[in-house]
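See below for the structure under consideration.
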Amino acid sequence: MPTTTQVKTASTCRPPETVQGTHVFDILSHCMCISRGELGGTYLRDDRLTIECVVTVRKEPRVSRTRAFPSIRVPASNLKRQLAGLLERAAFAVAGETFAAHQLVLALRSPVFKAELCGLMREAGGAAQPIDIEDMQPEVFRAMLHFVYTDSMDHSDDDFGRNCDMVRHLLVAADRYAIERLKLTCQSILCRNQDVKNVATTLALADQHHCDRLKQACVEFMCFANNMEAVVDTQGYKDLATTSPSVLAEAMVRMSKVGKKDNQKSTGRYRCT
1 MPTTTQVKTA STCRPPETVQ GTHVFDILSH CMCISRGELG GTYLRDDRLT IECVVTVRKE
61 PRVSRTRAFP SIRVPASNLK RQLAGLLERA AFAVAGETFA AHQLVLALRS PVFKAELCGL
121 MREAGGAAQP IDIEDMQPEV FRAMLHFVYT DSMDHSDDDF GRNCDMVRHL LVAADRYAIE
181 RLKLTCQSIL CRNQDVKNVA TTLALADQHH CDRLKQACVE FMCFANNMEA VVDTQGYKDL
241 ATTSPSVLAE AMVRMSKVGK KDNQKSTGRY RCT
């Protein structure tokens with residue numbers, strides 16, 4: 001007859017568990033009978049017979065010969081080393097002083113630095129080599145590095161306005177390393193600080209380094225200067241006549257076309273930004 005069976009199982013692989021179900025059992029041997037009274041309330045409750053069995057399942061172990069499974073080796077991460085290589089410092093020797101700067105920053109800010117640094121690294125097999133900077137003063141190189149890292153001058157425009165020589169040297173450095181924003185910044189400072197003493201020198205510099213807007217501003221200033229004699233007496237004017245006579249000739253032609261009346265009406269014709 002169908003019976004409800006509760007079986008506890010045990011194995012060496014996992015903890016004992018309880019399985020419930022209904023199954024028809026066949027008896028292959030004698031039927032051992034027991035009276036209902038002997039069952040009592042321990043095994044027979046609510047007309048249901050509960051039989052508890054302990055079942056042990058034993059099987060032959062399935063063990064086969066083991067061997068290493070083919071694998072694909074993944075190398076250790078080298079991102080840190082690669083980034084560290086980009087941040088390696090390049091050494092610069094400038095008139096007896098040594099400066100250090102990150103190669104990546106210099107390469108991003110200046111195509112000239114990028115070409116120089118990449119070329120030196122290829123020649124040296126990746127090792128950083130000191131770079132000699134000629135024809136530049138340490139304070140100029142320091143100011144240029146400050147601009148490379150901060151995109152600003154290390155002094156106010158008023159300070160630089162009182163030291164136009166420094167600005168002119170910085171403009172030359174900016175042109176040399178193709179740092180265009182620094183070059184324009186220097187032009188703007190020089191343009192705003194023109195006077196009869198420095199306009200000729202600034203004009204010669206503008207012509208040498210292809211600063212067209214600054215050159216135009218200098219010519220305009222000379223055309224409408226109230227004291228042209230003072231300009232002619234400066235050493236900058238004499239140097240301009242020797243090194244760039246064509247530029248001076250251009251300025252003279254323009255001045256010859258400007259009369260006194262036009263001069264009075266046109267003061268401030270140029271504008272520096």
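Heads up: the sequence shown begins at 1 in UniProt numbering, then just goes up one per residue. Using N, Cα and C, we set each Cβ at its ideal position, and we do this for glycine too.
From the DSSP output, in three-state form, read off Glu-88 for me.
Sequence index remark: in the sequence shown, residue 88 carries index 88 (1-based). Residue state, collapsed to three classes: coil.
Kindly indicate which three-state DSSP category His-209 falls into: helix, strand or coil?
Residue numbering aside, residue 209 sits at position 209 when the sequence shown is read from its first letter. Of the three classes helix, strand and coil, the one that applies to His-209 here is coil, per DSSP.
I think Leu-106 touches Val-148, with their Cβ atoms under 8 Å apart; what is that distance to the nearest whole Å?
Here residue 106 corresponds to residue number 106 of the sequence shown, with the count starting at 1. Here residue 148 corresponds to residue number 148 of the sequence shown, with the count starting at 1. Sure, about 7 Å apart at Cβ, within 8 Å.
Report the start-end ranges of each alpha helix (DSSP H) in the segment 185-247 that is 4 residues or longer and not cut off at the edges.
199-208, 212-223, 228-232 and 235-243
Is the segment 201-216 close to the segment 169-176, with three or more CB pairs under 8 Å?
yes
Taking 9 Å as the cut-off, decide whether the C-beta atoms of Leu-248 and Thr-201 are in contact.
On the sequence shown, residue 248 is found 248 positions in, with the first residue counted as 1. On the sequence shown, residue 201 is found 201 positions in, with the first residue counted as 1. Contact flag unset, no.
If you measure between the beta carbons of Cys-177 and Phe-92, is that distance less than 9 Å?
As a working mapping, residue 177 is identified with position 177 in the sequence shown. As a working mapping, residue 92 is identified with position 92 in the sequence shown. Going by the sequence as given, residue 177 is Tyr instead of Cys. It is not a contact, given that the beta carbons lie outside the stated cut-off.
How long is the line joining the alpha carbons of Ala-143 and Ser-71, rounded to whole angstroms?
Locating residue 143 in the sequence shown gives position 143, counting from the first residue. Locating residue 71 in the sequence shown gives position 71, counting from the first residue. Taking the straight line joining both Cα atoms gives about 56 Å.
Contacts around Gln-187, its chain only, beta-carbon distance under 7 Å, and the 5 residues preceding and following it disregarded:
Walking along the sequence shown from the start, residue 187 turns up at place 187. Same-chain partners within the cutoff: Leu-171, Cys-211, Arg-213 and Leu-214.
DSSP on Ala-101, reduced to helix/strand/coil?
Stepping through the sequence shown from its first residue, residue 101 is reached at position 101. Ala-101: strand per DSSP, three-state reduction.
For a quick check, are the C-beta atoms of Cys-164 and Ile-189 less than 9 Å apart?
Counting from one through the sequence shown, the residue named residue 164 turns up at place 164. Counting from one through the sequence shown, the residue named residue 189 turns up at place 189. Yes. Within cutoff.
Please state whether the Cβ-Cβ distance between Ala-100 and Arg-89 is less than 9 Å.
The sequence position of residue 100 within the sequence shown is 100, counting from 1. The sequence position of residue 89 within the sequence shown is 89, counting from 1. Going by C-beta atoms, Ala-100 is nearer than 9 Å to Arg-89.
Taking Tyr-175 as the reference, which of Lys-257, Phe-141, Met-252 and Gln-103 has the closest Cα?
As a working mapping, residue 175 is identified with position 175 in the sequence shown. Residue identity check: residue 175 is Asp in the sequence provided, not Tyr. Comparing Cα positions, the closest option is Phe-141.
Closest by CA to Asp-195, which one among Ala-204, Arg-181 and Met-222?
What you label residue 195 is simply residue 195 of the sequence shown in a count that begins at 1. It is Met-222 whose Cα lies nearest to the Cα of Asp-195.
Residue nearest to Asn-227 in terms of C-alpha spacing, selected from Met-255, Ser-152, Gln-216 and Cys-33
By one-based count along the sequence shown, residue 227 stands at place 227. Selected option, being the one with the closest Cα: Met-255.
I'd like to check one pair, Ala-204 with Thr-234: are the Cβ atoms closer than 9 Å?
Counting from one through the sequence shown, the residue named residue 234 turns up at place 234. Counting from one through the sequence shown, the residue named residue 204 turns up at place 204. No, the Cβ-Cβ distance between Thr-234 and Ala-204 is not below 9 Å.
What do you get for Thr-185, buried or exposed, if any count of 16 or more other CB atoms within 10 angstroms of its CB means buried?
In the sequence shown, residue 185 corresponds to position 185, counting from 1. With 16 or more Cβ atoms within 10 Å of its Cβ, Thr-185 is classed as buried.
So, with DSSP's three-state summary, where would you put Thr-150?
As a first step, residue 150 must be located in the sequence shown, where it is residue number 150. Correct three-state label for Thr-150: helix.
Less than 9 Å separating the beta-carbons of Cys-218 and Val-199?
What you label residue 218 is simply residue 218 of the sequence shown in a count that begins at 1. What you label residue 199 is simply residue 199 of the sequence shown in a count that begins at 1. Yes, these two residues count as a Cβ contact at 9 Å.
By DSSP, does Cys-53 sit in helix, in strand, or in coil?
Counting from one through the sequence shown, the residue named residue 53 turns up at place 53. Three-state DSSP puts Cys-53 in a strand.
Opening and closing residue of the alpha helix (DSSP H) in which Asp-135 lies
Here residue 135 corresponds to residue number 135 of the sequence shown, with the count starting at 1. Careful: Asp-135 lies outside any alpha helix (DSSP H) and carries neither H nor E.
In three-state terms, what does DSSP make of Val-74?
Within the sequence shown, numbered from 1, the residue matching residue 74 stands at position 74. Correct three-state label for Val-74: coil.
Using a threshold of 9 Å, state whether the C-beta atoms of Ala-95 and Met-153 are closer than that.
In the sequence shown, the residue the question calls residue 95 occupies position 95. In the sequence shown, the residue the question calls residue 153 occupies position 153. Contact flag unset, no.
Provide the residue span of the alpha helix (DSSP H) that contains Asp-165, from first to last.
As a working mapping, residue 165 is identified with position 165 in the sequence shown. Unbroken alpha helix (DSSP H) run through Asp-165: 164-176.
Arg-58 - DSSP class collapsed to helix/strand/coil
As a position in the sequence shown, residue 58 is number 58, starting the count at 1. Looking at Arg-58 - three-state DSSP - the assignment turns out to be coil, as it is neither helix nor strand.
Counting only beta-carbon atoms, is Ala-225 nearer than 9 Å to chain D?
No chain D appears in the structure shown, which is made up of a single protein chain.
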